[in-house]
């Protein structure tokens with residue numbers, strides 16, 4: 643039995659999220675089905691966390707135990723040959739017994755992709771969020787600055803989370819814009835339910851001038867979800883990267899040809 | 643009766659090309675249906691030329707005669723409100739009686755978009771062409787240089803065209819690469835059937851080292867289709883722009899927020 647970790651990119655559109663659910667196509671189930679086809683037995687694949695219906699990933703990480711004579715690079719290619727075209731494993735390695743994709747994770751980075759063309763774009767509807775208004779980047783960056791650090795994010799997350807604490811640390815919140823695309827890159831040690839989408843929805847309202855950048859500290863303090871902006875649609879959200887300990891190859895940059903990204 | 647010209651962006655994926663065909667969804671039919679819903683009568687919309695099944699457009703141009711009290715900007719927005727989300731009109735203006743989208747066209751520019759990620763990308767399959775090999779940009783640019791100018795392009799087009807002459811002038815053939823995307827931009831006074839896709843397929847073979855850049859003049863002279871590379875798939879092809887006389891606003895740059903482009 644080997645403990646194996648993989649890095650996975652997927653299109654969220656055809657799936658009801660990451661987590662296995664009887665009767666629905668999910669990414670976890672696609673991976674487990676591919677492994678079953680390949681190895682002949684059912685294995686459980688543990689992800690670093692769930693992603694919701696319609697949310698994409700370029701660098702999801704998962705781990706599983708497997709008993710196979712196939713070396714890592716052969717297992718990687720065989721697995722891809724059995725996966726549907728909307729899921730691709732971009733890295734695979736045997737790792738220490740103690741590694742668990744979820745329990746060992748130290749943080750995550752998400753991308754929220756906004757298209758700001760004046761006209762409704764004719765394609766890519768499931769892979770970005772289109773905003774027809776011009777957005778004030780300066781105001782959005784000022785608001786983003788208020789969100790960085792350790793805060794209680796209750797006002798910027800959906801209710802119903804069973805977590806004990808709603809305090810999270812946002813390490814970085816970068817807003818990059820080029821031509822008619824705007825990317826919000828959020829890095830943190832963990833995120834509440836719908837937190838990245840609510841942060842994105844709130845920053846967009848700031849960009850539109852409907853929420854003042856300087857009201858962010860008040861919104862955070864209030865703990866009142868109704869003061870923040872709407873939950874931005876799943877279509878714009880990408881799980882980019884999961885962070886682990888420093889020695890781990892998952893933190894290395896793979897160079898341009900190693901990245902499965904279309905947008906980033 | 644006004645003569646009206648429009649600039650249209652569309653996703654080629656859901657359509658059987660531009661041209662109306664009984665029983666098939668086409669872009670021309672989508673525009674004519676939207677106009678019928680709006681104006682109450684059938685109008686014929688003339689495009690600058692056909693695009694094939696699966697080929698996209700960011701700047702297709704079309705013209706039609708219409709009798710309506712709606713001013714141009716109202717007609718533009720009303721038309722978009724009646725179109726399916728995979729077609730969008732990005733500009734509309736009344737123009738001189740003599741303007742005809744096809745007959746008045748002086749040239750066109752196409753984009754062919756290649757993704758060169760090492761791993762099969764999980765999304766966008768219908769909107770690019772994925773090539774897993776590293777491509778030699780220098781060789782591709784050398785080959786492109788041989789294609790610029792006036793040549794008989796029989797060797798780089800599909801048979802069956804009814805055109806009298808197979809001589810065309812390629813004004814510019816630019817190859818731009820950034821990270822894992824490679825764009826071939828081809829501008830010319832006209833193109834034979836499948837010519838842009840064959841040029842793209844041939845340049846990709848040059849990039850892979852399977853066709854020598856310096857054999858391009860021989861391939862052109864041979865007039866032999868079998869010497870060139872394969873016809874690259876429709877998914878990577880975008881009609882970017884149609885050129886008309888200088889006075890025409892269609893040649894102006896609309897600024898970043900005016901462009902409907904996702905990729906360019």
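Protein chains in written order, with this note's numbering: chain A, 643 to 906; chain B, 643 to 906. Idealized CB from N, CA, C, for every residue including glycine. As the structure is a prediction and not an experimental result, all values here were calculated from the model.
query, result
"Could you tell me the boundaries of the alpha helix (DSSP H) in which residue 839 of chain B lies?", "837 to 850"
"Quick one: what's residue 649 of chain A bridged to in DSSP?", "A:703 and A:733"
"With 16 as the cutoff for other CB atoms within 10 Å, does residue 719 of chain B come out buried or exposed?", "exposed"
"Using beta carbons (cut-off 8 Å, strictly below), is residue 704 of chain B in contact with chain A?", "no"
"Going by CA-CA distance only, name the one from A:683, A:770, A:688 and A:682 that's closest to residue 668 of chain A.", "A:688"
"For my contact list, residue 810 of chain A and residue 834 of chain A are in at a C-beta cut-off of 8 Å; report their separation, rounded to the angstrom.", "6 Å"
"Round the Cβ separation of residue 988 of chain B and residue 714 of chain B to the nearest angstrom and send it over; I've been treating them as touching at under 8 Å.", "Absent from the model: residue 988 of chain B. The displayed extent of chain B is 643 to 906, so no value can be given."
"Mind checking which residues open and close the beta strand (DSSP E) that includes residue 716 of chain B?", "Segment 714 to 724 is the alpha helix (DSSP H) holding residue 716 of chain B; no beta strand (DSSP E) there."
"Around the Cβ of residue 679 of chain B, are there at least 16 other Cβ atoms within 10 angstroms (buried) or fewer (exposed)?", "exposed"
"Using DSSP with H/G/I as helix, E/B as strand and the rest coil, what is residue 853 of chain A?", "coil"
"State the beta-bridge partners of residue 666 of chain B as determined by DSSP.", "B:663"
"Check whether chain A comes within 8 Å of residue 877 of chain B, counting only Cβ atoms and requiring the distance to be less than that.", "no"
"For residue 693 of chain B and chain A, any beta-carbon pair shorter than 8 Å?", "no"
"With a threshold of 8 Å between beta-carbons, can residue 668 of chain B be considered close to chain A, or not?", "no"
"State the start and end residues of the unbroken alpha helix (DSSP H) segment that holds residue 777 of chain A.", "Here residue 777 of chain A belongs to no alpha helix (DSSP H), and DSSP marks it neither H nor E."
"Across the region 724 to 740 of chain B and the region 783 to 799 of chain B, are there enough close Cβ pairs to call them in contact, namely three or more that are closer than 8 Å?", "no"
"Taking Cβ positions only, does residue 732 of chain B come closer than 8 Å to chain A?", "yes"
"What do you get for residue 801 of chain B, buried or exposed, if any count of 16 or more other CB atoms within 10 angstroms of its CB means buried?", "exposed"
"Hey, could you find the ends of the beta strand (DSSP E) residue 862 of chain A is sitting in?", "Segment 858 to 864 is the alpha helix (DSSP H) holding residue 862 of chain A; no beta strand (DSSP E) there."
"Name the two residues that bound the continuous beta strand (DSSP E) containing residue 686 of chain A.", "No beta strand (DSSP E) holds residue 686 of chain A; DSSP gives it neither H nor E."
"Flag residue 761 of chain A as yes if its beta-carbon sits less than 8 Å from any beta-carbon of chain B, otherwise no.", "yes"
"Select from the region 643 to 656 of chain A all residues with a C-beta closer than 8 Å to any C-beta belonging to chain B, and list them in chain order.", "651, 652, 653 and 655"
"Between which residues of its own chain and residue 673 of chain B is the CB-CB distance below 6 Å, once the five residues before and five after are set aside?", "687"
"Residue 767 of chain B touches chain A at which residues, Cβ-Cβ below 7 Å?", "727"
"Which bits of chain B does residue 713 of chain A rub up against, with CB to CB less than 7 Å?", "Those do not exist, as residue 713 of chain A stays about 18 Å from chain B at its closest Cβ, beyond 7 Å."
"Spell out whether any CB of chain B is found under 8 Å from the CB atom of residue 859 of chain A.", "no"
"Residue 652 of chain B and residue 702 of chain B look like a contact to me (Cβ under 8 Å); what is the Cβ gap, rounded to whole Å?", "7 Å"
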